[in-house]
Structure formats: structure tokens, C-alpha cells
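Enquirer:
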DNA sequence: CCTTTCGTACTTACACCGTAAGTACCTCAT
DNA sequence: ATGAGGTACTTACGGTGTAAGTACGAAAGG
């Protein structure tokens, strides 16, 4: 006996939203295909019509969350604009406490993620940051916001599919800031770590001496 | 048929070491009780004689890794001492790329972890940091080193067992620095986030203007 | 109108997972 | 020699992700 009610038709969006709901309510560990199916009153395997698999489901969730961050209106000097984005990102993370951990565990880079980085880079560039300093800044914020340790431009962790998508996006002129800054820089994880650490130590020393 | 070779007797230490070996070789996701049993030429259930369960196994691994960080000799001014510890921590994380993700997913606080924080706090205190600034500094470094977003003193995420262990440790005089700084401060996640973010923005602005 | 096509959802099955409960064997103190 | 205690093994249960195959509704072509 099959009862196909058209009004509750499954879509990728609906599946992803339901997944977020389950994760919010019962934690991300409780989110399984079967559990998600129950939420949508559907068998687990039906979800595979809208999602390639569990990995794709999790990537989709991340994508959805990041998309909601990116659409902040930006006005003011670079600090205000960056701050607005950071606070928006944090707001999302607070609303979904499991999101940060999920984000760090995903290695796929989506179009949405590239766009997000591109917009950050754009802000720094307009403010007169050198390419190198922009690079440092993005890494530092990435670590701060998402706990990302291995990073965006580290192609070792990046699937070739994602790399291809990035190249395609750049050719289409989608990531103008990224295209301008990216190619000229060789990424060195140690350098980024040292930069961030010294910046923090400097800041602390200044706070100590100041007060 | 049972063959108990005494020379290869299982111990908790040997189990944990083997688990780290498997994680290094095949990734932390591939680490299952059965896989670990195979590594040690033992059935999965035998591991339960030395480890309470998988959670205890993972907590044990984290404990082992942190223990290796903490034993840095410390000399010089506060910056050098803190830097030495941070670099040691990072070194461990680099050697075991899965460790950072594992650390953020664990919520248990072990004696080893308390000791580590205590030693950091001690360094800041000796350098004349106010209690409040010490608090900020520890949070900032925690986020930087481990990607910890919800934090040490956030008792909401802390099991009562761990809280009891902390109190006991303090009474035994094990965490002198922690005992001095901890009680007087109310933790506010938003304040910590803002402090860290502004410190970073200040640092970036200075770098921009300076160069 | 009937029929074909296509997409969606369901069913079954498999190999994995963590672990509770019960059993066989070795080692060591008595 | 014998009992106690610990270590490892066996079996079993309910969970997981997902490959393969099946039933049905709805839309398109004749």
C-alpha cells in the first residue's frame, strides 16, 4: 500500500531542513538516515533520491548554514564589515551547537564556501591589505570562526572535484577577490600558525601593559 | 584453543598506543573496536578488560596526547614559555592530524587536561596578568590550539563526575593557579568571543598600518 | 482514451558498528 | 593441590550506511 500525498513531496531542501531539525533536537550523533526518514515519515532509502548519501547530506547541511551567514549587508570600514560577518557566523554556530564540529569534519569545499571566503578577501583587499596580509587574515579568521586547522588553500586535503569547481568558478568571474589573491601565494601552514600566534601574544602583552 | 603469551600481555597503555597507531595509519574514522582488536591480534571484546568502552578509549587517547604536550621545560619570559607550549601542542597535532577533531569532540575533562590549563594559568599569573585577562588569554589559546569553542569553565558541558574530580584536585592543591583564578570569575561565552575577535582585528589593523 | 515512460518511495539484504552476557582457560597465592 | 581472580573468547542484539530490486502514481505521446 502506497500513499503518495503530493502536498508533502520530498525535496533536497526539505530533507536538509529536517536533518537540521533533528540535529538541533537530538544532537548530530543521533542523526542517522533511518532517524531522518522517521522524521519525514518516509523510509530511509527514499532519502537517497534527494541526497547522494550521508556525506552529501552533511555537506548539504553545512552549505545551508554557511549560505545563511554570507548574506549580511556590509557597510562601514573594514573592521565593521568583518566584525558583522564574524558575529553572524558565530550567531549561527550558537544556534546550532553541533555545527562547528560538523564544519571542521567536512573537507569538501562548496561554491557557497568559496563565495564566503571571496567576500572576506574582497573586504580586506579594498581596505588596502597586502595580498600576503590578506592571506594571513583569512586563515586567522577561519581558525577563529570555524576551528579550521587545515586550511582552504591546502590542496592536499581538497578533492580534485572541488579544485576543478574552483577553477571553473574563477573562470566564470565568480570569485574575483580570490582569483586576484590566490595564485600568487604559496601556502605554508607553519607560517600561518606562527603569524596567528604572535599576533595573539602581541595583543595579550599590550593588554597586560595597558591595564 | 587459547594461547596466552605473557610477553604480549595487553595493558591499557598498549591498547591506547595501538589505537593511535591505527588512527595514524587509517584515520580516526577507521578506528573501531574490531579493527583495534585485529591490530593487537585479539578479539574486540577483550579490549573491554582494559577500556570501559569506546568513549573511554577515545578519552584515553586524548589524555595520552595532552600528557606529551605538558612536559615542556619552561624558561624565559611569559611569551617564550607560552610559545613553547603552543608550539609543542601544535607539533602533536601535526603529527596526528586527526587529533584536533577528536579533541573538540570530547567533553570529558581529565586530570591531565586540568594540569595543562593550570600550568598555562600559572605562567600568566606570574607575568602579572590580572585574573580577568588570564581568563581571556586561556580561552583565546584554547580556541587557537584546539579549536575549542565551548570552553573549560563552561560547566553546562561538564559532567558532574569531572566537576567532582576538579574540586578534589583543587583541595589536594594540585591546581594552585586554577584554584586562585577560577572561582572569582563568571564565564560569559560572548564576552570571550568578543575579546578574542577585537584582539585579532586590532592586530590586523596594526599590521596593515605598519607595513 | 490507452499506453509508455519516468521518477519517487518502499522492501530486502549485507557487512559493518558498539557492547551486554556468558564461558573457557591461565596464573598465582594459599 | 586447590581455589580465586583475571584475561581472552564466543555468541547475540540492535543499531548503522547503502546496494539492488520492486511497486506505484503521474505526466506525456499516440
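Chains as they are written, first to last, in our numbering: chain A, 20 to 230; chain B, 20 to 230.
Where a beta carbon is used, it is the ideal one built from N, C-alpha and C, also for glycine.
Mind pulling the chain B residues with CB within less than 9 Å of residue 38 of chain A?
Expert: For the purposes of this step, residue 38 of chain A is taken as the residue at position 19 of the first chain. Per Cβ cutoff of 9 Å: no residues; residue 38 of chain A is ~19 Å from chain B at best.
Enquirer: Roughly how many angstroms lie between the CA atoms of residue 44 of chain A and residue 112 of chain A, to the nearest whole one?
Expert: As a working mapping, residue 44 of chain A is identified with position 25 in the first chain. As a working mapping, residue 112 of chain A is identified with position 93 in the first chain. Approximately 15 Å, taken between the alpha carbons.
Enquirer: Cα-Cα, which of A:77, A:102, A:72, A:219 is closest to residue 164 of chain B?
Expert: Within the second chain, the letter at position 145 stands for residue 164 of chain B. Among A:77, A:102, A:72, A:219, the Cα nearest to that of residue 164 of chain B is on A:219.
Enquirer: What runs of the alpha helix (DSSP H), each 4 residues or longer, lie entirely inside the region 118 to 199 of chain B?
Expert: Runs found: 118 to 124, 130 to 145, 150 to 165, 179 to 190.
Enquirer: What does a CB cutoff of less than 8 Å around residue 228 of chain B pick up in its chain, not counting 5 residues either side in sequence?
Expert: Translated into the one-based positions of the second chain, residue 228 of chain B becomes position 209. Within the same chain, residue 228 of chain B has no close Cβ partners at all.
Enquirer: May I have the straight-line CA-CA distance separating residue 210 of chain B from residue 85 of chain B, to the nearest angstrom?
Expert: As a working mapping, residue 210 of chain B is identified with position 191 in the second chain. As a working mapping, residue 85 of chain B is identified with position 66 in the second chain. The straight-line gap from Cα to Cα measures roughly 27 Å.
Enquirer: Quick one: is residue 22 of chain B near chain A, going by C-beta distance under 8 Å?
Expert: Your numbering for residue 22 of chain B matches position 3 in the second chain. Residue confidence for residue 22 of chain B is low, a pLDDT of 43 falling below 50, so the modelled location carries little weight and cannot support an answer.
Enquirer: For a contact defined as C-beta to C-beta under 8 Å, what are the partners of residue 224 of chain B on chain A?
Expert: Looking up residue 224 of chain B in the second chain gives position 205. The answer, in chain order, is 98.
Enquirer: Report yes if the CB atom of residue 181 of chain B is closer than 8 Å to the CB atom of residue 125 of chain B, and no otherwise.
Expert: As a position in the second chain, residue 181 of chain B is number 162, starting the count at 1. As a position in the second chain, residue 125 of chain B is number 106, starting the count at 1. Against a cut-off of 8 Å, the Cβ pair of residue 125 of chain B and residue 181 of chain B comes out as no contact.
Enquirer: Give every residue of the same chain whose Cβ lies closer than 6 Å to the Cβ of residue 216 of chain B, excluding the five residues on either side of it in the sequence, and list them in chain order.
Expert: Indexing the second chain from 1 puts residue 216 of chain B at position 197. Cβ neighbours of residue 216 of chain B beyond the five flanking positions: none.
Enquirer: Terminal residues of the continuous alpha helix (DSSP H) containing residue 42 of chain A?
Expert: Here residue 42 of chain A refers to the residue found at position 23 of the first chain. Run containing residue 42 of chain A: 31 to 45, per the alpha helix (DSSP H) assignment.
Enquirer: Would you mind stating whether residue 104 of chain A and residue 139 of chain A have Cβ atoms separated by less than 8 Å?
Expert: Taking the first residue of the first chain as position 1, residue 104 of chain A is located at position 85. Taking the first residue of the first chain as position 1, residue 139 of chain A is located at position 120. Yes, they are a contact pair.
Enquirer: Would you say residue 199 of chain A faces chain B, with C-beta separation under 8 Å as the test?
Expert: One-based indexing of the first chain puts residue 199 of chain A at position 180. Chain B, which has no Cβ nearer than 8 Å to the Cβ of residue 199 of chain A, makes this no.
Enquirer: Please list, in chain order, the chain A residues whose beta carbon lies closer than 7 Å to that of residue 188 of chain B.
Expert: The residue you call residue 188 of chain B lines up with position 169 of the second chain. Ordered by position in chain A, no residue passes the 7 Å Cβ test against residue 188 of chain B, which lies about 26 Å from the chain.
Enquirer: Just list the alpha helix (DSSP H) runs in the region 41 to 115 of chain B, keeping only unbroken ones of 4 residues or longer that don't cross its boundaries, in chain order.
Expert: The region 41 to 115 of chain B contains these whole alpha helix (DSSP H) runs: 52 to 58, 73 to 89, 97 to 114.
Enquirer: Relative to the C-alpha of residue 31 of chain B, which candidate in B:48, B:47, B:49, B:73 has its C-alpha closest?
Expert: In the second chain, the residue the question calls residue 31 of chain B occupies position 12. Of the candidates B:48, B:47, B:49, B:73, the one whose C-alpha sits nearest the C-alpha of residue 31 of chain B is B:73.
Enquirer: Count the other CB atoms within 10 Å of the CB of residue 96 of chain B; is the residue buried (16 or more) or exposed (fewer)?
Expert: Taking the second chain and counting its residues from 1, one reaches residue 96 of chain B at position 77. Under this definition residue 96 of chain B is an exposed residue.
Enquirer: Considering only the beta carbon of each residue, do residue 59 of chain A and residue 34 of chain A sit closer than 8 Å?
Expert: By 1-based counting over the first chain, the position of residue 59 of chain A is 40. By 1-based counting over the first chain, the position of residue 34 of chain A is 15. The answer is yes: Cβ separation under 8 Å.
Enquirer: For residue 102 of chain B, tell me which candidate among B:151, B:183, B:160, B:69 has the shortest Cα-Cα distance.
Expert: On the second chain, residue 102 of chain B is found 83 positions in, with the first residue counted as 1. It is B:160.
Enquirer: Pull up the distance between the alpha-carbon of residue 150 of chain A and that of residue 119 of chain A, whole angstroms please.
Expert: Position 131 of the first chain, counted from the start, is the residue given in the question as residue 150 of chain A. Position 100 of the first chain, counted from the start, is the residue given in the question as residue 119 of chain A. So the two alpha carbons sit approximately 28 Å from each other.
Enquirer: Measure the alpha-carbon distance for residue 36 of chain B versus residue 42 of chain B and round it to whole angstroms.
Expert: For the purposes of this step, residue 36 of chain B is identified with residue 17 of the second chain, where counting begins at 1. For the purposes of this step, residue 42 of chain B is identified with residue 23 of the second chain, where counting begins at 1. Looking at the two C-alpha atoms, the distance is approximately 10 Å.
Enquirer: Which of the residues in the region 94 to 120 of chain A, read from start to end, lie with their CB under 9 Å from any CB of chain B?
Expert: Going along the region 94 to 120 of chain A in chain order, one finds 97, 98, 101, 102, 105, 106, 109, 112, 113, 116, 119, 120 with a Cβ nearer than 9 Å to chain B.
Enquirer: Just to make sure I have the definition right: I need the residues of chain B whose C-beta is within less than 8 Å of the C-beta of residue 147 of chain A. Which are they?
Expert: The residue given as residue 147 of chain A occupies position 128 in the first chain. Those within 8 Å of residue 147 of chain A in chain B are 227.
Enquirer: Under 8 Å between C-beta atoms, does residue 204 of chain A make it to chain B?
Expert: Here residue 204 of chain A refers to the residue found at position 185 of the first chain. Chain B, which has no Cβ nearer than 8 Å to the Cβ of residue 204 of chain A, makes this no.
Enquirer: Helix, strand or coil, according to DSSP, for residue 222 of chain A in the structure here?
Expert: Position 203 of the first chain, counted from the first residue, corresponds to residue 222 of chain A. If DSSP states are grouped into helix, strand and coil, residue 222 of chain A belongs with the helices.
Enquirer: If the cut-off is 7 Å on Cβ atoms, which residues from the region 207 to 222 of chain A count as contacting chain B, listed in chain order?
Expert: Answer set for the region 207 to 222 of chain A: 212, 215, 216, 218, 219, 220, 221, 222.
Enquirer: Which of the three DSSP states, helix, strand or coil, is assigned to residue 215 of chain A?
Expert: Looking up residue 215 of chain A in the first chain gives position 196. Three-state result, residue 215 of chain A: helix.
Enquirer: Name the residue from A:201, A:207, A:190, A:108 whose alpha carbon lies nearest to the alpha carbon of residue 153 of chain A.
Expert: Here residue 153 of chain A corresponds to residue number 134 of the first chain, with the count starting at 1. Among A:201, A:207, A:190, A:108, the Cα nearest to that of residue 153 of chain A belongs to A:201.
Enquirer: Classify residue 109 of chain B as buried or exposed, calling it buried when 16 or more other Cβ atoms lie within 10 Å of its own Cβ.
Expert: Working through the second chain from its first residue, we reach residue 109 of chain B at position 90. With 16 or more Cβ atoms within 10 Å of its Cβ, residue 109 of chain B is classed as buried.
Enquirer: Could you check what DSSP says for residue 227 of chain B in three-state terms: helix, strand or coil?
Expert: Working through the second chain from its first residue, we reach residue 227 of chain B at position 208. Residue 227 of chain B: helix per DSSP, three-state reduction.
Enquirer: Can you find a CB in chain A that lies within less than 8 Å of the CB of residue 174 of chain B?
Expert: Here residue 174 of chain B refers to the residue found at position 155 when the second chain is read from its first residue. Because the pLDDT at residue 174 of chain B is just 49, under 50, the model does not fix this residue reliably, and the value given afterwards should be weighed accordingly. No, residue 174 of chain B lies away from the interface with chain A (no Cβ there is under 8 Å from its Cβ).
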